[in-house]
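Here's the structure, in structure tokens; my notes come after.
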Amino acid sequence: MRIGVNGAFLGDAYNGISTYTEGLIRSLAQGPDECVVYSSAPRLEGQRNGISLRRTPKMLRAERGTMASLARLLWMQTVLPLRLRQDRIDLLLSPLAEGVFRTSVRQIIQVHDLIPLFYPDECPRWHPYYKTALPRLLARARMVLVDSAHTRTDVLREYGVAEENVSVVYPGINSHFFGADAGSAPPGFDLTAFFLFVGTYSPRKNLHTVLRAFSRIHGELPHRLVVVAYPDQFMPAVQQLASELGIVEKLRFYSGLTRSELLYLYRNATALLLLSEYEGFGYPAVEAMAVGTPCIVSDSPSVR
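Residue numbers (our numbering): 34 to 337.
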């Protein structure tokens with residue numbers, strides 16, 4: 034069987050979905066089937082054994098914003114079907130909730146969460162897609178994969194997909210979390226006692242609660258709070274709250290860390306703080322626990 038992997042969204046950014054997808058590709062490369070990956074991600078250049086890499090335009094990478102996402106959706110409906118036929122693909126696996134609407138190739142679609150559907154203020158441009166287009170795509174898919182039983186319940190309830198067509202496949206953890214690699218500190222990082230937050234600035238992540246809780250104890254502890262998140266439209270509100278609470282000097286903000294730098298933070302943090310209202314899976318908590326770091330988490334269904 035020739036399995037195609039739709040990795041056009043992959044780029045330089047390191048996040049939970051890219052980690053999941055790269056691990057999936059490595060696993061497929063070790064199997065008996067032929068694996069053809071459609072992507073421009075530079076990290077895949079070093080994983081050529083067991084896969085055939087088909088280059089896609091860099092403008093399709095998710096990290097390039099809304100226009101890239103629109104271009105990627107158009108590319109999947111026009112160019113990708115032709116390439117699937119040329120490469121004689123038997124099964125297309127899409128690690129994002131994206132795919133081809135008209136194709137004879139069987140498809141497996143991965144749905145990590147329904148955040149754009151439930152939180153339109155966080156993902157205003159993706160909300161219409163999740164509300165109108167995604168249900169049509171999932172109805173055409175041979176199988177829908179989800180990260181947790183909670184997300185499965187959401188998909189069944191919101192989209193009416195047949196129960197036998199939705200399967201829970203828990204994401205794995207990269208093997209470097211279990212080795213002796215200590216990671217490397219981010220440039221200029223000199224903290225020895227700190228709490229760690231990994232995620233986004235979205236209100237859904239409940240970082241405002243983390244800040245308020247930290248403001249009540251920071252005078253009694255030597256700890257700092259390290260926040261790892263890409264800048265977004267919600268970041269100024271978080272910074273404003275930190276200023277109002279008088280804890281700006283106790284915070285460190287990072288983004289775009291390498292895998293080794295993030296591993297270092299996980300290994301050396303006193304605890305990871307994950308108080309999200311909604312998660313599809315909760316990758317940071319699993320990664321922290323993999324290196325033996327305690328986690329303080331919310332009672333949201335996917336991480337409870």
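Glycine included, every Cβ here is placed at the ideal spot set by N, Cα and C.
Computed from a prediction, not measured in an experiment: that's the story for all the values here.
Check                                                                                           : Outcome
7 Å Cβ shell around A185 - same chain, five flanking residues per side excluded                 : For clarity, residue 185 is Arg in the given sequence; the question names Ala instead. Excluding positions up to five away in sequence, the list reads V179, V199, V201.
The region 62-72 touching the region 147-164, judged by at least three CB pairs closer than 8 Å : no
Strand pairing of D150, partner residues [DSSP]                                                 : In the sequence as displayed, the identity of residue 150 is Leu instead of Asp. Partner(s): none; L150 has no beta bridge.
Best match in P114, K91, G44, K283 for proximity to A104 [C-alpha to C-alpha]                   : K91
Secondary structure of M176, DSSP reduced to three states                                       : strand
E320 burial status per 10 Å Cβ neighbour count (16 or more: buried)                             : buried
C328 - partner residues in DSSP beta bridges                                                    : L305
Host beta strand (DSSP E) of L124 (start-end)                                                   : 124-127
Identity of the residue in L244, E312, C328, P220 nearest Y297 by Cα                            : P220
G279 burial status per 10 Å Cβ neighbour count (16 or more: buried)                             : exposed
Presumed contact (8 Å Cβ cut-off) between W108 and A41, rounded CB distance                     : 7 Å
Cβ-Cβ distance between L240 and V271 below 8 Å                                                  : yes
In DSSP terms, what C68 is bridged to                                                           : I36, I84
C-alpha gap between A130 and W159, whole angstroms                                              : 11 Å
For Q266, the nearest candidate out of L86, G98, A323, G212 (CA to CA)                          : G98
Element boundaries [beta strand (DSSP E), containing R285]                                      : 284-287
Coil, strand or helix - F227 by DSSP                                                            : strand
Endpoints, alpha helix (DSSP H) assigned at Q143                                                : Unbroken run through Q143 is the beta strand (DSSP E), 139-144; no alpha helix (DSSP H).
Beta bridge counterpart(s) of S200 as assigned by DSSP                                          : L178
Cβ-heavy atom distance, S248 to the ligand HEM, below 7 Å                                       : The ligand HEM is absent from the structure shown, which contains no ligand whatsoever.
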